[in-house]
Amino acid sequence: PVQNPPGTEERHHHIEGKQRRKWCGLVSHVDDNIGKVIAALKAKNMWSNTFFIALSDNGGDIRTGASNHPFRGEKGTPWEGGCKSPA
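Following our numbering, the residues of the sequence shown are numbered contiguously, the last one being 107.
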């Protein structure tokens, strides 16, 4: 299940669908914290010597609010939406 820290879902109040808002809140929370890690590396003058890679597993589960648009399918299916992930 998608479990967000308080306040993350509310940032996306303009998005229809509770599950989609929860998913967007989770993604925003991850993005915010990656930003904090990068800021800490820069503050320690370590960013210029860092190779940062962020990965995602294949396709989102549309039952938890993910969207694989414009691809057909979802996690666990053979279509593009089940096997592609953002770079």
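Virtual Cβ for every residue (Gly too), placed ideally from N, Cα, C.
- The alpha carbon of S76 has as its nearest neighbour, out of T28, G101 and V57, the alpha carbon of G101.
- Non-local C-beta neighbours of P25 in its own chain, meaning closer than 8 Å and more than five positions away in sequence, comprise H49, ordered along the chain.
- Non-local beta-carbon contacts of C44 in its own chain, meaning distances under 7 Å to residues more than five positions away in sequence, involve H32 and I35 in chain order.
- Just so you know, the alpha carbons of R92 and N78 end up roughly 13 Å apart.
- Spanning the alpha carbons of N53 and A59 requires a straight line of approximately 10 Å.
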